[in-house]
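Trainee: This is the structure I have questions about; it appears just below.
2 protein chains.
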Amino acid sequence: MQIVDEILKIKNVKNTAVRTVVLHHLLNQEKAQSLKDIENALVNTDRSSIFRTLKTFEDNKVIHSIEDGSGMTKYAVCAEGCNCEPKDLHYHFYCNNCNKTFCLFDVPLQNIKLPKNFKIQQANMVIKGLCNNCNE
Amino acid sequence: MQIVDEILKIKNVKNTAVRTVVLHHLLNQEKAQSLKDIENALVNTDRSSIFRTLKTFEDNKVIHSIEDGSGMTKYAVCAEGCNCEPKDLHYHFYCNNCNKTFCLFDVPLQNIKLPKNFKIQQANMVIKGLCNNCNE
DNA sequence: TAATCTTTGCAATCGAGTTGCGTTCCAAGA
DNA sequence: TCTTGGAACGCAACTCGATTGCAAAGATTA
Ligand SMILES: [Mn+2]
Ligand SMILES: [Mn+2]
Ligand SMILES: [Zn+2]
Ligand SMILES: [Zn+2]
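Here the protein sequences come in this chain order: A and B.
Quick note: the first sequence uses the numbering used here, first residue 1, plus one each step.
Quick note: the second sequence uses the numbering used here, first residue 137, plus one each step.
Structure representation (structure tokens):
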């Protein structure tokens with residue numbers, strides 16, 4: 001629990017009951033979570049409260065969102081020191097078999113040579129295929 | 137118009153009135169189109185017909201879809217010879233200012249070194265930032 | 001304490017995407 | 001040419017994830 005408090009403090013987000021339980025849940029997942037996932041896990045917490053909590057977290061760089069094409073936005077806790085800037089970008093992997101989505105923090109993002117005068121600000125990089133548990 | 141016929145023939149898609157007008161429209165856009173975009177442009181064509189046409193086109197590799205995080209799936213005509221396989225992957229660029237999304241056919245997607253036993257099948261790579269028209 | 005601001009819970013709404021179904025179109029076979 | 005079955009189409013209804021309005025509850029400050 002002190003990790004939750006610590007993160008919220010670092011990111012200047014006031015600690016509340018809902019925020020604590022949502023962040024605690026997110027920290028204990030191996031895959032990125034959708035609003036529905038969180039709703040199902042935290043049965044007595046209201047959906048809109050979770051929704052607004054996720055917005056607050058995202059605005060304050062506690063978490064980042066991933067559009068994996070499943071129709072539901074997924075959320076994952078930012079790595080330590082992450083500021084959601086281009087340097088913090090990383091790939092995400094969506095498994096076509098088990099439908100899990102995760103951050104590939106260890107796969108370096110290749111240097112992208114954009115056309116002249118284009119400027120990168122963020123990115124949503126999703127690789128789809130089979131994860132190590134589902135391959136073969 | 138003969139380009140439309142030619143593409144549909146190559147991809148083994150029967151030519152119909154709706155398909156012709158949708159593909160013709162897509163071929164003349166600089167930015168990827170959402171269902172709504174197409175609906176607005178082709179005022180007397182039914183939405184569900186356009187929708188099913190897009191599905192047919194995508195199934196037959198006439199077009200590919202892009203999840204750019206705007207909340208609406210975008211569609212763009214595949215490049216010649218594209219088979220929507222990993223080798224045909226390319227980045228997409230979403231401009232945060234003018235909200236246009238386009239294919240970066242000229243930016244090569246390098247070989248991504250995935251963790252052990254992961255297999256890539258498709259990808260949805262969206263770079264967000266400012267396009268050449270909107271930068272500064 | 002009182003005033004004020006923030007967070008929460010519930011219900012309603014929004015909107016992109018999707019589907020059911022009857023009609024129209026088209027092409028193959030008689 | 002006429003018949004007929006399947007494909008495509010148009011319209012309306014529906015699904016479901018996301019979002020919002022609003023009043024109650026909780027926290028903060030003077
Ligand atoms: Mn991530
Ligand atoms: Mn493209
Ligand atoms: Zn898997
Ligand atoms: Zn732009």
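Note that beta-carbon positions come from the ideal geometry of N, C-alpha and C, so glycine has one too.
Taking C-beta pairs closer than 8 angstroms, name the residues in chain A that residue 242/B reaches, listed in chain order.
Mentor: The sequence position of residue 242/B within the second sequence is 106, counting from 1. Here the neighbours are 115.
Trainee: Residues of chain B with CB under 9 angstroms from residue 128/A, in chain order?
Mentor: Reading the first sequence from its first residue, position 128 is the one you call residue 128/A. What residue 128/A touches in chain B: 256, 257, 258, 259, 260.
Trainee: Using the C-alpha atoms, what's the distance from residue 24/A back to residue 124/B?
Mentor: Since the first residue of chain B shown is 137 and the last is 272, residue 124/B is not available in this structure.
Trainee: Residue 66/A and residue 22/A - do their beta-carbons sit closer together than 8 angstroms?
Mentor: Here residue 22/A refers to the residue found at position 22 of the first sequence. Here residue 66/A refers to the residue found at position 66 of the first sequence. Not closer than 8 angstroms, so no.
Trainee: Tell me the DSSP secondary structure of residue 249/B in three-state form.
Mentor: For the purposes of this step, residue 249/B is taken as residue 113 along the second sequence, with counting starting at 1. Three-state DSSP puts residue 249/B in coil, outside helix and strand.
Trainee: In the DSSP output, what is residue 158/B paired with across the bridge?
Mentor: Translated into positions along the second sequence, residue 158/B becomes position 22. BP columns for residue 158/B are empty, so no partner.
Trainee: Going by DSSP, name the residue or residues bridged to residue 64/A.
Mentor: Position 64 of the first sequence, counting from 1, holds the residue named residue 64/A. Paired residue(s): 76/A.
Trainee: Just the C-alpha distance for residue 62/A and residue 242/B, rounded to the nearest angstrom, thanks.
Mentor: The count along the first sequence starts at 1 and reaches residue 62/A at position 62. The count along the second sequence starts at 1 and reaches residue 242/B at position 106. If I take the Cα positions, the gap works out to 35 angstroms.
Trainee: Compute the minimum distance between the beta carbon of residue 130/A and the heavy atoms of ligand 3, and state whether it is under 7 angstroms.
Mentor: Locating residue 130/A in the first sequence gives position 130, where the first residue counts as 1. Flag set: Cβ of residue 130/A near ligand 3.
Trainee: At a Cβ threshold of 8 angstroms, is residue 166/B touching chain A?
Mentor: By one-based count along the second sequence, residue 166/B stands at place 30. Not an interface residue.
Trainee: Short of 6 angstroms in beta carbon distance, which residues of its chain neighbour residue 68/A, apart from the five on each side in sequence? Order them along the chain.
Mentor: Residue 68/A sits at position 68 when you count from the first residue of the first sequence. Taken in chain order, the residues that qualify are 74, 94, 101, 126.
Trainee: Would you list the residues sitting across from residue 261/B in a DSSP beta bridge?
Mentor: Here residue 261/B corresponds to residue number 125 of the second sequence, with the count starting at 1. BP columns for residue 261/B point to 125/A.
Trainee: Mind listing which residues have their beta carbon within less than 5 angstroms of any non-hydrogen atom of ligand 1? Chain order is fine.
Mentor: 76/A, 103/A
Trainee: Going along chain A, which residues have a C-beta under 8 angstroms from residue 227/B?
Mentor: For the purposes of this step, residue 227/B is taken as residue 91 along the second sequence, with counting starting at 1. Ordered by position in chain A, the residues that pass the 8 angstroms Cβ test against residue 227/B are 112.
Trainee: What are the residues of the region 67 to 95 of chain A that lie near chain B, defined by any Cβ-Cβ distance shorter than 8 angstroms?
Mentor: 67, 68, 69, 91, 93
Trainee: With respect to the alpha helix (DSSP H) encompassing residue 152/B, which residues constitute its N-terminal and C-terminal limits?
Mentor: Counted from its first residue, the second sequence places residue 152/B at position 16. Per DSSP, residue 152/B belongs to no alpha helix (DSSP H) and is neither H nor E.
Trainee: Are at least three pairs of beta-carbons, each pair with one atom in the region 113 to 131 of chain A and one in the region 253 to 267 of chain B, less than 8 angstroms apart?
Mentor: Here the region 113 to 131 of chain A makes contact with the region 253 to 267 of chain B; the two share three or more CB pairs at distances below 8 angstroms.
Trainee: Taking Cβ to Cβ, would you say residue 34/A is nearer than 8 angstroms to residue 72/A?
Mentor: By 1-based counting over the first sequence, the position of residue 34/A is 34. By 1-based counting over the first sequence, the position of residue 72/A is 72. In contact: residue 34/A and residue 72/A (Cβ atoms closer than 8 angstroms).
Trainee: According to the Cβ coordinates, are residue 10/A and residue 27/A closer than 8 angstroms?
Mentor: Taking the first residue of the first sequence as 1, we reach residue 10/A at position 10. Taking the first residue of the first sequence as 1, we reach residue 27/A at position 27. Remark: C-beta atoms of residue 10/A and residue 27/A do not approach each other more closely than 8 angstroms.
Trainee: Exposed or buried, what is residue 214/B when buried is set at 16 or more other beta-carbons lying within 10 Å of its beta-carbon?
Mentor: Reading the second sequence from its first residue, position 78 is the one you call residue 214/B. In this structure residue 214/B is buried. Its beta-carbon is surrounded by 16 or more other beta-carbon atoms within 10 angstroms.
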